[in-house]
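Chains D and C are the protein sequences, given in the same order. Heads up, the first sequence is in my numbering, so the first residue is 285 and it goes up one at a time. Heads up, the second sequence is in my numbering, so the first residue is 285 and it goes up one at a time.
There are 2 protein chains.
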Amino acid sequence: MANATIRDVAREAAVSVASVSRVLNGHSNVRPETRRKIEDVAARLGYFPHAGARNLSTSRAHAIGVVLPDLHGEFFSEALRGMDRAASERGLHLLLSNLHDGERAVEMLHTMRGRVDGLVIMAPHIDPDRLLAGLPPSIPSILVNCATSRDDCPTLRVDNFGGAAAMVRHLVSRGRRGIVHVSGPTSNVEARARIDGYEAAMVEAGLTPRVLIGDFMEEAGAAAAAEILRAPDGVDAIFAANDMMAIGALIALRDAGVAIPDQIAVAGFDDIPLARLISPSLTTMRVDIADIGARAIARLADAIAGTPDHRLELSTPELMIRDTTKTSPRQSGEKQGKAR
Amino acid sequence: MANATIRDVAREAAVSVASVSRVLNGHSNVRPETRRKIEDVAARLGYFPHAGARNLSTSRAHAIGVVLPDLHGEFFSEALRGMDRAASERGLHLLLSNLHDGERAVEMLHTMRGRVDGLVIMAPHIDPDRLLAGLPPSIPSILVNCATSRDDCPTLRVDNFGGAAAMVRHLVSRGRRGIVHVSGPTSNVEARARIDGYEAAMVEAGLTPRVLIGDFMEEAGAAAAAEILRAPDGVDAIFAANDMMAIGALIALRDAGVAIPDQIAVAGFDDIPLARLISPSLTTMRVDIADIGARAIARLADAIAGTPDHRLELSTPELMIRDTTKTSPRQSGEKQGKAR
DNA sequence: CTGTTAGCGCGTTCAT
DNA sequence: ATGAACGCGCTAACAG
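Structure representation (structure tokens):
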């Protein structure tokens, strides 16, 4: 039993489809009597308008496409949460699409044409120029944390460079000098910016940078910690490029009986919910990613409404000082703790 | 500059729209020469088919709607992750819709008609009968963790009753007798089932159930712990209806200097990633929610493909014994610890 | 192999 | 206030 159409309602109510359409969209120019009759029939038939057809007719989909690398970790979940909130406030749906490789990416993007009114692209790991190249220019888009040379597309970005530098300065102010950075994959723009910020601040403080390359996953943090423990070499702080790696390092250090932060301080980046809950609680750079998601939707909605906006908006992370960096390091002469 | 349509391509290539449509959809009955010409023109015009129009024509949206209460917490994020994985494997998009109140819920559902091929409804807090009532019957749906009296709709459910009972038995086997349950809101089916399972197992063990009503949020766990500390009353275990509340209780107890698990054991439900990372690590019932999400999509895809399936599938949570319930309780005569 | 034509379900002029 | 007719962009019979 197929669903009723507007035509069924019109026939049953002995009116034209135009009238039915009018009452459906709340137009005023309908006689109350006619309106009632149509509403009755619609209710009786269990009729509901077909959103797809409506989209085609009005060329408005009331949906915006969201392109994410994957949903792993709390970071992207949080972003999605913010977008969802902003979207439902505006009566918009979210059409999800995960971008794994770069190849199917363009194809996926095209699959969205005609089904969304705009696109939020959040792909720090994919060359966005290649992405945008194949994109229909007529569809409003906003780039979030993407590396792009084009300045004709609205962009939202986190000040990763400044954030990383701020964290280094915080550690230095606490008396740390052997600060190692555990980075994200170098193919990721955000990871690169954090490396750059770290290195700049280290040099500025007259210290020698040392970067261990990771991949944003917990295990990479643990591996980095293990490597450092193998040859401590005066390391008194680990600054990971995200919280998950920081937590991996934290747990590895804890299990090895290292005193945190006395012996080695630990710091992360993002401030995912976990950072506050783990113990000792993790010092990190707060990135209000839910808010960034919400602002992306807000700007896109404006763009769709005809207020195009080609600015670059920069969001500055905030330093959250917690337990893992609270004290100054022990004197290097002191013997290693034998906790647990 | 509006986007090119199939007609533009046809005109430019001096063929009919039918031929263009054929090459677009990879039909074989097209002369290679014609095919090449069409492909050239399409590329030159930057033409991409309009998914919306295609949906209308084929009455297949290649998208499935996902209805969630909200994205708060790791639980629903995980579910979404599983669905997304299963969906992209099948070339399906996910159309998100958050159900806050029950009123706009039905309306939201109808907004999806004509834009999705199926619906995953995950709403333990809303009366699904009311939800389904207004729903077009022609659209395949699957209920996940919903309370429903209808058995004509495929359902996926976690064995919350059995899981809660299993946890109680575990605690009892560890010598705990004063086991308090911190529940979710009683309007939530899952919360109710967990209460029932807890109570049944307590009675079975000859113990007196005691339930503190919470709301699945961290703060409720902390509040429950505070209340218990005010009048310990022989309580030697707190079993929270989800991990977030268990963690709230855990931290509150820790801050109050209570020895965990020596004095009071703590257990949760769900096994969110945090449960393993917190310390002491949390004993909990593992619900593979990502897998449940994936299976929901899989079953829906089958139903859409014409293999309708009205079974009720039950997923059994698995007991994860971790640090918070490792030991037996101290003798009650022993004096309260004065840790920290 | 290719073109013509009729829908898909709805919004929207333009008449009346 | 109402109805007839066209268009949105594409697919799928049906002819040729």
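For each residue, glycine too, the CB sits at the ideal point set by N, CA and C.
At the level of alpha carbons, what is the spacing between residue 506 of chain D and residue 529 of chain D?
7 Å
Where the beta strand (DSSP E) containing residue 377 of chain C begins and where it ends:
Its beta strand (DSSP E) spans residues 377-382.
For residue 367 of chain C, the first and last residue of its enclosing alpha helix (DSSP H):
357-373
Measuring CA to CA, which of D:391, D:497, D:376, D:382 is closest to residue 392 of chain C?
D:376
Secondary structure at residue 583 of chain D, three-state DSSP: helix, strand or coil?
Under the three-state reduction of DSSP output, residue 583 of chain D falls in the helix class.
What are the start and end residues of the alpha helix (DSSP H) that includes residue 319 of chain D?
Start and end: 316-329.
Verify whether the separation of the beta carbon atoms of residue 247 of chain D and residue 551 of chain D is less than 7 Å.
With chain D running from 285 to 624 in the structure shown, residue 247 of chain D is simply not present.
Determine contact between the region 590-598 of chain D and the region 472-484 of chain D, defined as no fewer than three beta-carbon pairs at a distance below 8 Å.
no
Step through the CB atoms of chain D and report whether any lies within less than 7 Å of the CB of residue 624 of chain C.
The predicted position of residue 624 of chain C is uncertain, since its pLDDT is 33 and thus under 50; a value taken from the coordinates is nonetheless stated next. Not one chain D Cβ lies under 7 Å of residue 624 of chain C.
So, for residue 616 of chain C: in the same chain, excluding its five sequence neighbours on each side, which residues have a beta-carbon less than 7 Å away from its beta-carbon?
At residue 616 of chain C, the pLDDT of 47 sits below 50, so the modelled position is not reliable; the number obtained from the coordinates is stated separately. These residues qualify, in order along the chain: 518.
Between which two residues does the alpha helix (DSSP H) carrying residue 591 of chain C extend?
It is not in any alpha helix (DSSP H) - residue 591 of chain C carries neither H nor E in the DSSP assignment.
Along chain D, in chain order, which residues have C-beta atoms closer than 8 Å to that of residue 396 of chain C?
335, 377
Could you check what DSSP says for residue 481 of chain D in three-state terms: helix, strand or coil?
helix
Just confirm the distance between the C-beta atoms of residue 349 of chain D and residue 400 of chain D, as a whole number of angstroms; I'd bet it's less than 8 Å.
Indeed, because the Cβ distance is near 4 Å, the residues count as touching under 8 Å.
Under a CB-based cut-off of 7 Å, is residue 429 of chain C close to chain D?
no
Per-residue contacts from residue 599 of chain C into chain D (C-beta, under 8 Å)
In chain order: nothing, as chain D lies at least about 20 Å away.
First and last residue of the beta strand (DSSP E) that includes residue 490 of chain C?
Segment: none, residue 490 of chain C is in no beta strand (DSSP E) and carries neither H nor E.
Does residue 294 of chain D have its Cβ less than 7 Å from a Cβ in chain C?
no
Cβ-based burial, residue 427 of chain C [other Cβ within 10 Å; buried from 16]:
buried
Any chance you could list the alpha helix (DSSP H) runs of at least 4 consecutive residues sitting entirely within the region 499-577 of chain D, in chain order?
502-514, 527-539, 557-561
Count the other C-beta atoms from every protein chain shown that fall within 10 angstroms of the C-beta of residue 503 of chain D, then say buried if there are 16 or more, exposed otherwise.
exposed
Please compile the residues from chain D whose C-beta is within a distance smaller than 7 Å of the C-beta of residue 581 of chain C.
Here the premise fails: no neighbours, minimum Cβ distance about 12 Å.
Taking Cβ to Cβ, would you say residue 575 of chain C is nearer than 7 Å to residue 366 of chain C?
yes
Residue 430 of chain C versus residue 473 of chain C: straight-line alpha-carbon distance, rounded:
7 Å
Indicate whether at least one CB of chain D lies closer than 7 Å to the CB of residue 309 of chain C.
no
Whole-Å CB distance - residue 468 of chain C paired with residue 500 of chain C, under 8 Å assumed
The pair is a contact, with the Cβ atoms about 5 Å apart (cut-off 8 Å).
Residue 553 of chain C and residue 525 of chain C: beta carbons closer than 7 Å?
yes
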